[in-house]
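The sequence shown begins at 148 in our numbering and counts up by one.
The C-beta atom is built at its ideal place from N, Cα and C for all residues, glycine as well.
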Amino acid sequence: MNFTDCLNYVKSQLSDLVRFGLIRIVLGNEACDLDSTIRACVYAYFLHSTCPTNNEVLHVPMLQTKPSIF
């Protein structure tokens, strides 16, 4: 799964969180500048790519900004 597919997968699963045994939230810096945003998304992708139980764990990058800005 590539980076874009991973982010789309996470977004599609947000409406059905109860099916996961564990949800890992990956936070960037509270300033939510570009490098923090990229870091949170890439690290969530890394965790998803290396986790042997992806059907039980959801890795969610969380950005601390208004939805209208992002």
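- As a beta-bridge residue in DSSP terms, His206 pairs with Arg171.
- Looking only at Cys198, Arg186, Ser215, the smallest Cα-Cα distance to Pro208 is reached by Arg186.
- Beyond the five residues adjoining it in sequence on each side, Tyr190 comes within less than 6 Å, by CB distance, of Val173 in the same chain, given in chain order.
- When Cys179, Asn176, Thr212, Val157 are compared, the shortest CA-CA separation from Ile170 is found for Val157.
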